[in-house]
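In this note's numbering, the protein residues as written are 10 to 610.
Just so it is clear, CB atoms sit at the ideal spot from N, CA and C, and this is done for glycine as well.
Everything on this sheet refers to the single structure shown next.
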């Protein structure tokens with residue numbers, strides 16, 4: 010950790026005293042803080058008043074969970090990680106490397122085709138990790154979202170991050186309080202032009218309630234654009250991009266609040282509106298449309314996948330809610346009941362299938378009592394090899410070499426093995442687990458922070474893995490709770506980065522690549538290349554990752570530094586959009602990726 014802790018407790022308490030914050034008695038509820046901010050705004054100005062309110066909340070949080078405790082906890086985790094990982098050989102298990110602060114919790118993350126990472130979440134209303142950090146129940150302007158970009162090419166310091174706040178909106182909560190859009194716990198996936206569509210959010214109230222918000226983030230201008238509101242509010246929805254490049258939106262708690270999931274299915278953009286294809290095709294004010302078929306999931310954030318048959322597979326958390334959606338005919342049909350019972354937040358992955366798109370899905374996690382994994386293939390379920398133990402809140406990624414890697418996890422929502430809202434965690438939930446080509450799982454090294462609820466991970470173009478998320482653990486282990494760098498990021502180098510020199514990918518075609526078409530790339534190590542793969546970028550939240558995909562490309566010949574390749578057969582195999590192209594050698598060591606774009610208008 011590069012930054013040294015400051016005397017956060019003394020300074021923030023001194024400022025709190027100057028602002029006449031009482032030093033005894035229970036902290037004021039979040040709603041009261043909103044009203045206080047409004048009173049101050051007339052005298053100090055709105056932004057100044059908000060800053061004072063944040064400092065008051067920080068003062069309360071440091072009294073309940075002092076800075077010394079946070080710093081000591083982080084030091085203890087660093088030592089246990091060092092001790093645990095000393096026995097793991099990097100060439101077999103990989104290794105965790107850098108750990109550094111971030112200005113955002115990373116409740117939502119998306120790798121952009123510029124190589125930058127979008128992180129977004131909420132403005133915290135609590136700094137004590139034994140309490141709810143986010144403004145789930147808050148009504149008013151402190152129920153707000155925030156967003157940042159991290160540029161890995163710029164390093165790991167504060168200057169590598171850029172604030173990209175969401176648009177200021179009015180939400181229908183009766184307060185008429187403009188604030189940065191509260192789009193946390195929304196759903197998202199990619200459009201063909203590389204933009205990220207984000208749908209839903211939180212209006213506030215008891216348990217949170219669904220917002221109708223619809224945005225895209227443009228990686229090229231690094232700005233947000235608002236579209237027409239959806240037909241219904243959604244709090245915890247899922248979104249997937251189909252073979253036609255349009256996004257299908259399902260589930261989410263409605264405007265009526267938690268416990269009222271909506272069955273309404275919507276499509277963005279609506280038919281009759283062009284699918285955004287070029288970088289300058291910016292959807293702004295574009296509507297979604299309601300489909301005839303419904304999706305009556307009893308629980309939120311179902312897993313959605315667009316497989317190579319062109320169908321959308323909706324895999325609910327309830328065992329009996331597994332459905333197949335035909336986005337062209339607009340009909341829903343039943344899939345067999347999943348063998349396992351109800352599963353909380355756990356990961357699911359469309360399994361690599363060689364030169365074609367995926368035709369099966371592996372469901373993992375979500376039940377701490379069940380270590381097994383479950384595969385849906387050919388319309389039937391099979392029970393596959395178990396992991397070492399059951400975990401929830403986990404993330405499973407496809408790596409460039411086709412292996413799977415699980416990171417993060419907990420016993421239950423905000424329970425790491427010692428009761429809810431107790432940041433102390435069992436060590437096992439910090440260990441990664443890798444699935445090899447034979448489907449067998451092996452435990453590996455431990456990450457620095459335990460990360461469960463709201464944890465995330467993605468594969469970077471250089472082959473490393475980025476791990477972030479879980480606001481409870483991040484503020485519980487923040488060495489300077491006062492400095493505004495609430496979050497943290499950890500980097501992991503998979504084993505393939507410790508097996509010798511890497512192949513080199515020098516040049517790829519610019520512009521769109523048609524399906525089932527030959528093309529060439531150049532490599533100064535062409536003679537060493539045995540495999541070429543496409544890996545879709547990840548956008549993920551709450552263990553739901555609908556975007557990742559892995560395909561092999563056919564090698565049609567090598568001549569000098571030129572390698573002949575062929576694109577996937579059709580859009581159903583790989584929906585139109587941006588992919589990372591990796592070259593691999595005989596040992597499975599990947600090059601650094603370059604971006605290619607599949608599909609033509």
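For residue i, three-class secondary structure by DSSP
i, result
"residue 359", "strand"
"residue 236", "coil"
"residue 592", "strand"
"residue 505", "helix"
"residue 165", "coil"
"residue 422", "coil"
"residue 140", "coil"
"residue 438", "helix"
"residue 563", "strand"
"residue 535", "helix"
"residue 254", "coil"
"residue 548", "strand"
"residue 203", "coil"
"residue 106", "strand"
"residue 346", "coil"
"residue 73", "helix"
"residue 571", "strand"
"residue 364", "coil"
"residue 293", "coil"
"residue 117", "strand"
CA nearest to the CA of residue i, picked from the options
i, options, result
"residue 611", "448, 497, 446, 447", "In the structure as shown, the chain starts at 10 and stops at 610, and residue 611 therefore has no counterpart that could be examined."
"residue 581", "317, 444, 208", "317"
"residue 422", "435, 200, 401", "401"
"residue 527", "576, 480, 559", "576"
"residue 542", "163, 366, 417", "366"
"residue 479", "468, 499, 473, 170", "499"
"residue 513", "521, 540, 101", "540"
"residue 217", "245, 241, 260", "245"
"residue 161", "155, 184, 197, 120", "120"
"residue 585", "80, 521, 281, 408", "521"
"residue 483", "100, 519, 103, 115", "115"
"residue 87", "430, 102, 107", "107"
Min CB distance residue i to chain C below 8 Å
i, result
"residue 402", "In the structure shown, chain C cannot be found, because there is only a single protein chain."
Same chain, Cβ closer than 6 Å to residue i, five either side skipped, listed in chain order
i, result
"residue 386", "369"
"residue 452", "397, 440, 442"
"residue 152", "144, 191, 213"
"residue 399", "376, 377, 378, 379, 380"
"residue 98", "none"
"residue 90", "455, 457"
"residue 579", "524"
"residue 78", "none"
"residue 93", "455"
"residue 187", "177, 179"
"residue 225", "204, 206, 234, 292"
"residue 471", "601"
"residue 416", "404, 441, 466, 476"
"residue 325", "306, 311"
Span of the alpha helix (DSSP H) around residue i
i, result
"residue 393", "Not the alpha helix (DSSP H): residue 393 falls in the beta strand (DSSP E), residues 389 to 393."
"residue 91", "76 to 94"
"residue 480", "480 to 485"
"residue 101", "99 to 102"
N-terminal and C-terminal residue of the beta strand (DSSP E) that residue i is part of
i, result
"residue 331", "331 to 335"
"residue 224", "223 to 227"
"residue 383", "382 to 386"
"residue 244", "Where residue 244 is concerned, there is no enclosing beta strand (DSSP E), given that its DSSP letter is neither H nor E."
"residue 369", "369 to 372"
"residue 531", "527 to 531"
"residue 312", "312 to 315"
"residue 416", "413 to 416"
Contacting residues, own chain, Cβ-Cβ under 8 Å from residue i (five flanking each side not counted)
i, result
"residue 493", "112"
"residue 15", "Confidence is the limiting factor: at residue 15 the pLDDT is only 32, short of 50, which leaves the residue's position unreliable, though a coordinate-based value still follows. The answer, listed in chain order, is 489, 491, 492."
"residue 267", "215, 216, 217, 218, 244"
"residue 182", "148, 149, 152, 212, 213, 214"
Residues near residue i by beta carbon distance below 7 Å, same chain, minus five either side
i, result
"residue 597", "410, 505"
"residue 517", "530, 590, 603, 605"
"residue 553", "247, 310, 312"
"residue 302", "274, 334, 339, 340, 341"
"residue 595", "539"
"residue 34", "Residue placement at residue 34 cannot be trusted, given a pLDDT of 33 that sits under 50; what the coordinates show is reported in the next sentence. Correct list: empty, nothing qualifies."
DSSP beta-bridge partners of residue i
i, result
"residue 298", "276"
"residue 474", "468, 501"
"residue 159", "126, 170"
"residue 321", "315, 334"
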